[in-house]
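First the structure, in the form of structure tokens, and then the observations on it.
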Amino acid sequence: MSEAKFTPGPWTEHMTEMARHGKNDLFYISAESDGEYIGKVKSKNARLIAKAPEMLALLEESLSAFIHHDEVGIPEKSLIRRIDELIDEVKGGTE
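Take 1196 as the starting number for the sequence shown in the working numbering and just add one per residue.
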């Protein structure tokens, strides 16, 4: 696999000062490791964008599990559970 060409995660979403006062619905996305500014987005997209590095990591892990399933068997239920939990988080079901 090729090396990532983006700011490594995890990323977090932060409500802008204007949104706190009801002036807009924008959120900042930043890298947790160094606070690097990733972008400013509408609130409905913030959670999805902030979870992108975590989703990529799970996709890579899932791909590896499926490619090597003959060697290691069916992917572990814990992997499936983590995928399901991440989908819930992205959709706003859990934090």
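All C-beta atoms, glycine included, are put in the ideal place defined by N, C-alpha and C.
(request) Measuring alpha carbon to alpha carbon, tell me which of Ser1238, Asn1240 and Leu1221 ends up nearest Met1213. (result) For Met1213, the nearest C-alpha among the options comes from Leu1221.
(request) Go ahead and label Lys1246 buried or exposed: buried means 16 or more other beta carbons lie within 10 angstroms of its beta carbon, across all protein chains shown. (result) It is buried - the Cβ of Lys1246 has at least 16 other Cβ atoms within 10 Å.
(message) Going by DSSP in three states, Phe1201 sits in which element: helix, strand or coil?
(response) coil
(request) Find the nearest neighbour of Lys1200 within the set Ile1224, Pro1248, Glu1256 and Arg1276, judged by alpha-carbon distance. (result) Taking only the C-alpha atoms, the option nearest Lys1200 is Pro1248.
(request) Assign Gly1204 to buried or exposed, taking buried as 16 or more other Cβ atoms, counted over all protein chains shown, within 10 Å of its Cβ. (result) Flag for Gly1204 reads buried.
(request) Compare the C-alpha of Leu1253 against each of Arg1276, Gly1217 and Tyr1232 and name the closest. (result) Arg1276
(message) How far does the beta strand (DSSP E) with Ser1225 in it extend, from its first residue to its last?
(response) Leu1221 to Ala1226
(message) Can you find the residues in the same chain that come closer than 8 Å, C-beta to C-beta, to Thr1211, ignoring five residues on each side of it along the sequence?
(response) Short of 8 Å from the beta carbon of Thr1211, and not among the five residues preceding or following it, lie these beta carbons of its own chain, in chain order: Asn1219, Leu1221, Phe1222, Tyr1223 and Lys1235.
(message) Using DSSP's beta-bridge definition, name the partner residues of Gly1234.
(response) Ile1224
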